[in-house]
Amino acid sequence: MIPVIEPSEIKVLENHLHQKNNDNNLLQTKAVDGVVKLLKPRLSSYSSLIILVGTGLNGKDGLLVGKKIQDDIAEIQVKFLSIASSKSSTNNLVLAESLNIPLEVADESSLNKLNKKNYLIIDAILGISSRLPMRPQISEKLKLINDLKLKTSSYLISLDLPSGFDPESGQSDPNTIVAEEVFFLGYQTSQTLSDPARFISSQYVDLGVLEQDLSELNINNTQVITATLANNIYPKRSDALHKNRFGSHLIIAGSSKYPGAAILCARASNKSGAGYTTLASTSRIIEEAVAVTPEVMFISLTDIKENTDSFFSKIDKYDSLSIGSGLGTSELSKIILSSLEEYLTNSSLDQNIVIDADALNILSEKTYWWESFPETTTITPHLGEIEKLAKIDKKNINLQVISSLAKDWKKIIVMKGPNTTVALADGSIKVNTKPNGGMSKPGMGDVLTGIIGSLASNPQIPLSDATALGVFIHSMAGKLARDKYGSTSMTSSDVISFIPQIFKYIEN
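Residue numbers (our numbering): 192 to 699.
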């Protein structure tokens, strides 16, 4: 796992792991091997490799990474540049000498000699030891590095953090390294979540931290939703089971004002593994939906209006139920939601429920609304919706507040945003760290609801896993849509089209 922790907790955690493994070098060995594994497939695309070496452990990582690549791939040219001030430690100078690494001082003269194009530059200068204010001498060198990157059209990767970013305050030096990518080694510090634009692209090196380690140290169980996590919690689809064994998903969605939301939700569900998807919506929406999702079954909301008792007496056959996408806040919508609450209050079943959009807006008008829904309920608000639901000014809503609400309400909360957060009732948190400005578009939440509801219908997948997995699939499909169409032009329908590729990636 990749925990999200405070800078003050890092040393505590590392000491614990050193003692646990009886090896003070194991973490660094894993970090170096992990970075090398990530870099090797890329090296042939660049003219040469430049390692920027600081004076601390981050710099040591850089030296060891460069040395390993130099030894393993003779044809790769590696240049090591020292970024140090007159007051800096000389430990890495001594290490470089012992490894027979020529370590040149990075200054204006030496950097001007780098006249090729397309370098791969590794920022191993400061990492998590960055603190503001920076020494002027170091800040000036960071500016030189940024200038070099632009002048040579190079690609820059930071180890742990872009040098110049303060992990305690979340603030940045004016000359902070502008990295195309960040490799987080073992963990991610919490303040990085407050500046998502700086961490759009990231990779992770797992150093073997376990949930048990965090529990023993009384560190909050907050972790990144990674591809490894997604792979671990997604059960491989059997080739021998009937479709009934993969669950049935009922979606109550859509209105004359928002016809597309219901269709997007149903299309996303249809791509996300449910054995059956049924859409309960208006007659007009059903006519349109048949053309684009012929596999989906349909129920008319008009029939529900005329006989709500009959309809809700039959929904026990569905394994999951999603409600809210494009539902509107009409009297019919309020009747449907109230009837659902009444049914769930009197039911002994523990169906998985996903509540989104206007269903949340309707519930926000009620007191103690959460008491009508089982603990197997996921809500997917954005900031404005959680403000109304919790009656808390959105300026005061943060990770800790969302976690407290999840515990108080005994619900799973998907707090949608640049770093979408999944807060569980047990206090644990999972964070998606792949911000994507292209997903700030209509319909993206409907797609997410369809994915989560579909996964939640599978009896093999607990709701907590279905929710985290749904966030991951939604995010990664969004990334592929952005890569193909760009942030400006990508749409919710584009995201749906890439869902199969993400499932294929996880399954393989």
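Glycine included, every Cβ here is placed at the ideal spot set by N, Cα and C. Since we're looking at a predicted model, the values are computed, not measured.
Ranked by how close their Cα comes to the Cα of Ile588, the residues Trp600, Ala597, Leu574 have Leu574 in first place.
With fewer than 16 other Cβ atoms from the protein chains shown falling within 10 Å of its own Cβ, Lys695 counts as exposed. Nearest to Tyr395 by C-alpha distance, out of Lys221, Glu197, Val613, Asp584, is Lys221. Thr536 is classed as exposed because its beta carbon has fewer than 16 other beta carbons within 10 Å across all chains shown. Contact between the segment 232–241 and the segment 205–213 is not established, with fewer than three Cβ pairs separated by less than 8 Å. Straight-line spacing of the CA atoms in Asn212 and Glu556 works out to 53 Å. Judged by DSSP in its simplified three-state form, Pro353 adopts coil rather than helix or strand. Of the other Cβ atoms in all chains shown, 16 or more fall within 10 Å of the Cβ of Pro609; this residue is therefore buried. Under the three-pair Cβ rule at 8 Å, the segment 514–534 counts as touching the segment 543–554.
Shortest Cα-Cα distance from Thr484 to any of Leu294, Ala457, Asp549 involves Ala457. Per DSSP, the unbroken alpha helix (DSSP H) holding Met667 starts and ends at 654–676.
Take Ile201, set aside five residues on each side of it, and the residues of its chain with a beta-carbon closer than 8 Å to its own are Ile319, Tyr378, Thr380, in chain order. Contact between Thr413 and Ile620 holds, since their C-beta atoms are separated by about 4 Å, short of 8 Å. Approximately 11 Å separates the beta-carbon atoms of Ile664 and Ile687; this is outside 8 Å, ruling out the contact. By the beta-carbon neighbour count (other beta carbons within 10 angstroms, threshold 16), Leu540 is exposed.
When C-alpha distances from Asp397 are compared across Ser447, Ile193, Lys427, the shortest belongs to Ile193.
Restricted to the segment 295–371, the beta strand (DSSP E) segments that are unbroken, complete and at least 3 residues in length are 311–315, 346–350, listed in chain order.
With a cutoff of 7 Å on beta-carbon distance, Ile490 and Ala459 are scored as not near each other. Around the beta-carbon of Ser354, 16 or more other beta-carbon atoms lie within 10 Å, marking it buried. Collapsing the DSSP output to three states places Phe502 in a helix.
Secondary structure at Ala471: strand, using DSSP grouped into helix, strand and coil. Gly677 is classed as exposed because its beta carbon has fewer than 16 other beta carbons within 10 Å across all chains shown. When Tyr467, Leu248, Val195, Gly257 are compared, the shortest CA-CA separation from Asn215 is found for Leu248. Distances from the alpha-carbon of Lys259 to those of Leu230, Ser385, Val369, Val605 put Leu230 closest. The beta carbons of Leu455 and Thr473 sit no closer together than 7 Å. In the structure shown, the three-state DSSP call for His440 is strand.
Judged by their CB atoms, Ile642 and Ser463 are nearer to each other than the 7 Å cut-off. Straight through space, the alpha carbons of Val638 and Thr682 are spaced by roughly 11 Å. Boundaries of the beta strand (DSSP E) around Asn543: 543–546. The same chain holds no residue with a CB closer than 6 Å to that of Arg389 once the five nearest residues on each side in sequence are set aside.
The alpha carbon of Gly636 has as its nearest neighbour, out of Ile527, Lys228, Ile570, the alpha carbon of Ile570. Of the residues assessed, Val481 falls on the exposed side of the cut-off, its CB having fewer than 16 other CB atoms within 10 angstroms. Restricting attention to Asp351, Gln362, Gln382, Leu384, the CA atom closest to the CA of Glu372 is found in Asp351.
Here the segment 549–568 makes contact with the segment 517–528; the two share three or more CB pairs at distances below 8 Å.
The straight-line gap separating the alpha-carbon atoms of Ile593 and Ile604 is approximately 7 Å.
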